[in-house]
Every structure is written in C-alpha cells, then in structure tokens.
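To start, the structure under review is shown below, and the notes come after it.
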Amino acid sequence: MTSKYLSNSALKTINRIGDMMIPKNGEFPAFSEVGGLEYIDEIVSYAPPADIKDLNLVLTILAFMPNFVLRWLLSKMENSMESTGPLAPIFRMLDVGLRGLVFSCYYTEKIPASYKGKKPLDIIGFDLTRVED
Amino acid sequence: MYDYIIIGTGPSGGNIAHNLFKAGANILVLEAGKLMTKKTFPRTEADTSARLYWGGGIEFDAEAKMGFLRTRVVGGTSIVNQCLLDRFDDIALNDWIDESGVKWFSQEHLAPFYDKVENKLSLHTFTPEDMNRNAQLFTQSCDKLGVKWGALRKGQNDCAHERGNDCMACLGGCHRDSKQSSYAGYLRDDIAEGLNLQTETEVTQIENNGDTVTVYALQQGKAVTFKAKNIILAGGAFGTTKMLMQSGFKKQLPALGKNFSTHPQFMSFGLFDEEINAYKGYFQTVASKDPNLRTKGYKLENVFAPPISAAMLFSRTGTYHQEIMRNYTRMTCIEVAVRDENAGEIKVDNKGKLTIDKPFTDQDKTRRDSGRELISNILTNEGAKKIYASSFAVGLHLMGGSVIGTDPKRSVVDPEFRVHGYNNMFVADSSIYPNAPGINPSLTIMALAQKLSEQLIGTTHDIKVSEQLGA
Ligand SMILES: Cc1cc2nc3c(=O)[nH]c(=O)nc-3n(C[C@H](O)[C@H](O)[C@H](O)COP(=O)(O)OP(=O)(O)OC[C@H]3O[C@@H](n4cnc5c(N)ncnc54)[C@H](O)[C@@H]3O)c2cc1C
Numbered sequence: 001m002t003s004k005y006l007s008n009s010a011l012k013t014i015n016r017i018g019d020m021m022i023p024k025n026g027e028f029p030a031f032s033e034v035g036g037l038e039y040i041d042e043i044v045s046y047a048p049p050a051d052i053k054d055l056n057l058v059l060t061i062l063a064f065m066p067n068f069v070l071r072w073l074l075s076k077m078e079n080s081m082e083s084t085g086p087l088a089p090i091f092r093m094l095d096v097g098l099r100g101l102v103f104s105c106y107y108t109e110k111i112p113a114s115y116k117g118k119k120p121l122d123i124i125g126f127d128l129t130r131v132e133d
Numbered sequence: 134m135y136d137y138i139i140i141g142t143g144p145s146g147g148n149i150a151h152n153l154f155k156a157g158a159n160i161l162v163l164e165a166g167k168l169m170t171k172k173t174f175p176r177t178e179a180d181t182s183a184r185l186y187w188g189g190g191i192e193f194d195a196e197a198k199m200g201f202l203r204t205r206v207v208g209g210t211s212i213v214n215q216c217l218l219d220r221f222d223d224i225a226l227n228d229w230i231d232e233s234g235v236k237w238f239s240q241e242h243l244a245p246f247y248d249k250v251e252n253k254l255s256l257h258t259f260t261p262e263d264m265n266r267n268a269q270l271f272t273q274s275c276d277k278l279g280v281k282w283g284a285l286r287k288g289q290n291d292c293a294h295e296r297g298n299d300c301m302a303c304l305g306g307c308h309r310d311s312k313q314s315s316y317a318g319y320l321r322d323d324i325a326e327g328l329n330l331q332t333e334t335e336v337t338q339i340e341n342n343g344d345t346v347t348v349y350a351l352q353q354g355k356a357v358t359f360k361a362k363n364i365i366l367a368g369g370a371f372g373t374t375k376m377l378m379q380s381g382f383k384k385q386l387p388a389l390g391k392n393f394s395t396h397p398q399f400m401s402f403g404l405f406d407e408e409i410n411a412y413k414g415y416f417q418t419v420a421s422k423d424p425n426l427r428t429k430g431y432k433l434e435n436v437f438a439p440p441i442s443a444a445m446l447f448s449r450t451g452t453y454h455q456e457i458m459r460n461y462t463r464m465t466c467i468e469v470a471v472r473d474e475n476a477g478e479i480k481v482d483n484k485g486k487l488t489i490d491k492p493f494t495d496q497d498k499t500r501r502d503s504g505r506e507l508i509s510n511i512l513t514n515e516g517a518k519k520i521y522a523s524s525f526a527v528g529l530h531l532m533g534g535s536v537i538g539t540d541p542k543r544s545v546v547d548p549e550f551r552v553h554g555y556n557n558m559f560v561a562d563s564s565i566y567p568n569a570p571g572i573n574p575s576l577t578i579m580a581l582a583q584k585l586s587e588q589l590i591g592t593t594h595d596i597k598v599s600e601q602l603g604a
C-alpha cells in the first residue's frame, strides 16, 4: 500500500511500531495483520502540513533503528509523563502521536476486506447503535 | 459594506449570528471549518478526530502534559460537546466580579438572557430510567458515601433512546440533529433562510481603520478580504486570542493571551466482574452536585470514552494494553474536573503557531488528587477489582486569553464586550472568561452572547429588543 502523505519507509515504520504496541496475542490480531494502514491518508490528510512533514521525518529516522532500540525508545516515550528535561515534551508528543495513529488504524470500523479475522472492535465488544431516521 | 462580520459559529457566534440575522442586520458570518450536517458528520471515531478537530486531532501545551480539544466546523465545539447546560452559581459569578471588576455578573442580571437561550433550545433533565449501569453504580456508591449527586440537563430533543440509540455516536456530530449544538439550535434554519455564511474561511488578520474594519482571510487557501462597520470575534479562547495577536493588538492590550484556564479532566476507569457497557445509551447522565466538593474546587463526572480515546487514556502498549482493552465492556469511568487556576497563557510564535503555557499549579494538583482519591473510594465501594487512573490531562473547556474586565492593563474586553479602545470590535465567547467557573461553560457563553446581541440590536437598529429576540 502507498500513501499520498507518508513515505514508504514511514509506513513500514508505523507497521513495525504498531506490532510492538499491539502484538498478536490470543484473539487479538497483530497491528499489521489487520491492515488498518490502508486508510491512513483519511486521517493524516487533515493534519497541518508542517505536522505531516515532521511525522515523515521522525518515522524515516526511526526506520533505521533496530528493534531493540525502537523498543527502548517506545518504553522511554511511554514513561515520559513524569520525565523532566528538554527532551521530555518531545517524547510525550511522540508518544501521543504514535499511539494515536496506531490505535486509530486498529480500533476502527474501517478494516480492509482482505482481513478475514475477528475485528478488534468486535473483540472488545464495542457495538455502537446509531438510530438514523 | 456589512454592518457586522461575525467570525466563528460556536455557541457564541451561532447565537449572535442568529439574533442579528433575525433582527434584519446586514451580516456576514465567517467560519474556518466546513458545513456538515447530520447526513455528513463522520461516522467513525478516527474520522471524527481527523476531520472535526483543529490540528487534525489534539493540540498540546508546550510541555505536552495536557491536550486540548476544539473543533473547526460550522457549529464550533458544540458539534462534538455533550451539550450539558448549567447556569452559573454565586461562587463562580462573585469570583468573576473579583477578578474582572465587572459588577453586573450576578444570577439576577443574567437570568433574562439565560431564560431566552433556554427557551430557544430543547432541554432534557435525565431521569433514573435514562441512566445506564455506569451511572447506577456511581449514584449508588455516592449515596452510600454521602456524596451528593444530581441528574444532568442536556440540550437534546429526540435521541431515540427507547429505540436503542447510543449517544456516544454524537461525539462526532449528532446524526439525528437532536443535540442542541449551535448549528441545530440556531444556525440550521437560518442557513435555509439565506444567512450569509462563508465556510472554510480562516481569518488571519483584522485591521481596524476607525469607522470600518477590514478582515483578511484564507478561503480554501485563497486570500480574500471583507469590510464591515463592526466585527464580532467568536473564535473561542484560542481562535479569538490568536486572531487579535496576529493582528498586532498585543502592544495596546498587554493582557492579551493571559488568564487561560481549562478545567483539566482526569479519567479513572474501574474494572468490574459484571458487564457494564458504559458506552451504551445516554452515556453521561449524572455528576457530583456536592457543595463540599464545590468548595474543594472540583467535581466528579460519570462518563465514558470510545475505544481509541480509552486506549489512549488508560492503557499503554503490548499485552498489558490488550488485557485492559479486552475488558472494555466491564469498565466504569469517573473523571475529576478540576476548577483550575487561570495561570495559563496563550501565545503565537513567529510562524503563526499557537503555543500554550499551562502550568499545573500546586492548588490544581491538590484538587486533582483529592478528586482521584474520592473516585477510588466510589469505585472500590461498589466492587471494582482494579482502578486505572489516567495521568494525562484533557482540556475541553478552553477559557480566557481575551478576558473581560474594567482595567485595560489587566483585561482585553470592556464590560460592554468591546475590545478596549475600539468601538466596533466585540467579543463574547469563551475567551472572555476571567477565570475558571468550575461549571460547564456553554450555557453562559450563549447567555453572554445573547446579552451582546441585545446590546447591538438596541443601539444600531433602535427596535424593541425584547420583542424581537424571544424564543
Ligand atoms: C468533547 C467536548 C465535550 C464538551 N462538553 C461540554 C458540555 O457538555 N457542556 C459545556 O458547557 N461545554 C462543553 N464543552 C466545551 C464547549 O463546547 C466550549 O466551551 C464551547 O463550544 C466554546 O464556545 P465558543 O463559541 O467560545 O468557541 P467554539 O465552540 O470553539 O467555536 C469557535 C469557532 O470559531 C472558529 N474559528 C476559530 N478561529 C477562526 C478563524 N481564525 N477564522 C474563522 N473561524 C475561526 C472555529 O472553527 C469554531 O467553529 C465540551 C468540549 C468538548 C471538546
């Protein structure tokens, strides 16, 4: 799959990070298995252009990191809420930004037809009823 | 040349545009966002964040410890809000008098304006039959612990609750036009009747030329200019403050950007053995209504969050995350909303980007911690097996930045809603709030907008205001 806004290596990095955040586990499919990235442009296209540029840059840099470094970085980001120092706000922003992207592409009604397994929203039992006249 | 240009269509701009339109004024309404309707509002949580919110989702304070939510769409933030509409009490209004020096802040003075807004909108106070399991557990536990609670009042007319509609869907815009957003409540019919509204038009600068005002904007990326005798800024705390700053008013108005507050909210989720399905039905019907908590400076709200937001708030990553999400339907949730100090400041950097300083003061922390402790008691009291308390603060009520007051050194807008020193520039939106009321802000935003509308119609059209501006 390709994106109008994110480079191929950026997309690959999201899939790698996504699988670290949401690995295959029991009923839960791994992030990349679901294929939610198919719809990433529908989310990213509304972000300010400067933010998209920054995101591409960060993801391209992360693409060069081996898995163990990426894991270390993710845990640093996860625990950044109480951190101090000049890098702490950047870690926090990255944490929210990356988790936001991953969760948005996973806990969503928009799953490609090619995915045949149980959808994450069904696994957690989320079944919203909209009565529209 | 227009009589008025109104910038922004949230609770403030929507009310004022409606009143001036009905009074026959020659107006132009500008809105940065698109016009969406019950047919076109997003239908998924991810699309909602991306399409409706400024910044494509969330905006942060400079420390990235707090996230702010505000929307960019016709109807403003009222499109996504819960439309819980409360009048202010004496505590809030007296604190406003102390901070601003504006003497007319009182329940008595505001009553006729509140009345008109309440008569125009359709309101519903929740009954025990409306309450889902999350609310039942909250109220039961509050009763046992002696915490007073009350049913909430919401602007809505037909939510199809009896047919199983889940109101959580309307966090992305109400697909039934039931929720009384400023679009459904004020603007929808006016648009059909020919209201002059230009959407996807973001105002970048305002130039005051004495008798006239020139407004510069980008309309779908193209530069456009409009002129009017008067302008009304209704862009909300961030939008209005940013427009004034970008237009160079900070020099004359040193208080511009200051006194920002936001009622930071912290959610705690309780895990139960039974199925709760807290996202079902009316998912927010009750809150604490306890004079003791009011004095302590916080309130508790019985709420819930859709999956992506919940995942962001209370679960981290990996298998730990999955364990929690697996229990989504067995979770209840209560949040503490802190009546915070107005120590924040809204700034604009040299690239035109908003920067928000929002220190979380010691007093704010004490209030949050006290609230969290009480939530923990409420949840464990009813049998919660585990409690997950989110440390991420969310600011939904953005207030201040262009505050009202008598002293031009300490405020931006005078007691008649005029930007200090200018006869033809008005503000009556959330940016004028002098400090955090600790109460849902929208109804009072609309009441103040109603007051400004009547003031403007009274002076410029010489008509009997009360006859023209009824329900
Ligand atoms: C999820 C959520 C739930 C909430 N629930 C409640 C609730 O239950 N009760 C309550 O009282 N409050 C609630 N609020 C808060 C409430 O919605 C806001 O306080 C209120 O909408 C603010 O009104 P406003 O008119 O000042 O600004 P807004 O509603 O933010 O409207 C401002 C409008 O101006 C436009 N604008 C800004 N800048 C420009 C520009 N430069 N050019 C053109 N247009 C511009 C924006 O696009 C927007 O449409 C909630 C908020 C959120 C996010």
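One line per chain: the protein sequences are E and A, in this order.
By my numbering, the letter at position 99 of the first sequence is numbered 99, and the numbering carries on one by one without gaps.
By my numbering, the letter at position 353 of the second sequence is numbered 486, and the numbering carries on one by one without gaps.
Virtual Cβ for every residue (Gly too), placed ideally from N, Cα, C.
List the endpoints of the continuous alpha helix (DSSP H) containing residue i.
i	result
LYS498 (chain A)	495-514
TRP72 (chain E)	67-78
ARG266 (chain A)	266-278
GLU33 (chain E)	31-34
ASN252 (chain A)	240-253
ILE17 (chain E)	8-21
GLN123 (chain A)	With chain A represented from 134 up to 604, any question about residue 123 (chain A) goes unanswered, as that position is not in the structure.
ASP136 (chain A)	Per DSSP, ASP136 (chain A) belongs to no alpha helix (DSSP H); it is in the beta strand (DSSP E), 135-140.
The beta strand (DSSP E) that contains residue i, what's its start and end?
i	result
TRP229 (chain A)	No beta strand (DSSP E) contains TRP229 (chain A), which is instead part of the alpha helix (DSSP H) from 223-233.
ASP490 (chain A)	487-490
TYR431 (chain A)	431-435
MET464 (chain A)	464-471
THR373 (chain A)	Looking at the DSSP string, THR373 (chain A) is not in any beta strand (DSSP E); the run it does join, the alpha helix (DSSP H), is 369-379.
HIS257 (chain A)	256-258
MET199 (chain A)	199-201
In whole angstroms, what separates the C-alpha of residue i from that of residue j?
i	j	result
GLY196 (chain A)	THR494 (chain A)	A quick correction: the sequence has Glu, not Gly, at residue 196 (chain A). Straight-line Cα distance between these residues: approximately 14 Å.
PHE154 (chain A)	ASN573 (chain A)	27 Å
SER311 (chain A)	PHE68 (chain E)	51 Å
VAL348 (chain A)	ALA179 (chain A)	34 Å
GLY157 (chain A)	LYS360 (chain A)	18 Å
PHE437 (chain A)	ALA411 (chain A)	6 Å
ASP127 (chain E)	ASP19 (chain E)	25 Å
THR452 (chain A)	GLY538 (chain A)	53 Å
MET376 (chain A)	VAL336 (chain A)	7 Å
LYS584 (chain A)	ILE123 (chain E)	51 Å
ALA284 (chain A)	CYS216 (chain A)	14 Å
GLY85 (chain E)	LEU70 (chain E)	21 Å
VAL481 (chain A)	THR488 (chain A)	6 Å
LEU270 (chain A)	GLU326 (chain A)	47 Å
ASP322 (chain A)	ARG296 (chain A)	27 Å
ALA517 (chain A)	ASN363 (chain A)	56 Å
GLU549 (chain A)	HIS151 (chain A)	20 Å
THR418 (chain A)	THR204 (chain A)	23 Å
VAL34 (chain E)	TYR137 (chain A)	52 Å
Ordered along the chain, which non-local residues of its own chain (more than five positions away) have a Cβ less than 8 Å from that of residue i?
i	result
ASP497 (chain A)	PRO397, VAL471, ASP473, GLU474
ILE43 (chain E)	LEU101, SER104, CYS105
GLY190 (chain A)	SER182, ALA183
SER9 (chain E)	LEU59, THR60, ALA63
ARG309 (chain A)	LYS171, ASP291, CYS292, ALA293, ASN298, CYS303
LYS118 (chain E)	GLU27, PRO29
Below 6 Å CB to CB, which residues in the same chain sit around residue i once its five sequence neighbours on both sides are set aside?
i	result
SER211 (chain A)	GLY143, PRO144, SER314, SER315
MET77 (chain E)	PHE91, LEU94, ASP95
TYR521 (chain A)	PHE402, PHE447
ASP423 (chain A)	VAL280, LYS281
THR577 (chain A)	PHE221
GLU192 (chain A)	PHE201
SER564 (chain A)	ALA370, THR373, THR374, GLY534, SER535
Does the Cβ of residue i lie closer than 8 Å to at least one heavy atom of ligand 3?
i	result
PRO144 (chain A)	Inclusion of ligand 3 in the displayed structure is not the case, the ligand content consisting of ligand 1 alone.
Which residues in the same chain have their Cβ closer than 7 Å to the Cβ of residue i, if we skip the five residues on either side of it in sequence?
i	result
GLU145 (chain E)	Nothing about residue 145 (chain E) can be read from this structure; chain E reaches only from 1 to 133.
ILE441 (chain A)	GLU178, ALA179
ARG551 (chain A)	MET558, PHE559
ASN510 (chain A)	LEU278
GLY372 (chain A)	GLY141
Would residue i count as contacting chain D if we go by Cβ distances under 9 Å?
i	result
ASN25 (chain E)	Protein chains E and A are contained in the structure displayed, whereas chain D is not.
On the three-pair Cβ rule with 8 Å, is the stretch 203-222 of chain A touching the stretch 316-335 of chain A?
-> yes
Mind the definition here: the stretch 225-242 of chain A touches the stretch 251-267 of chain A only if three or more C-beta pairs lie below 8 Å; say whether that holds.
-> no
Counting pairs of Cβ atoms below 8 Å between the stretch 163-176 of chain A and the stretch 321-335 of chain A, do you hit three or more?
-> yes
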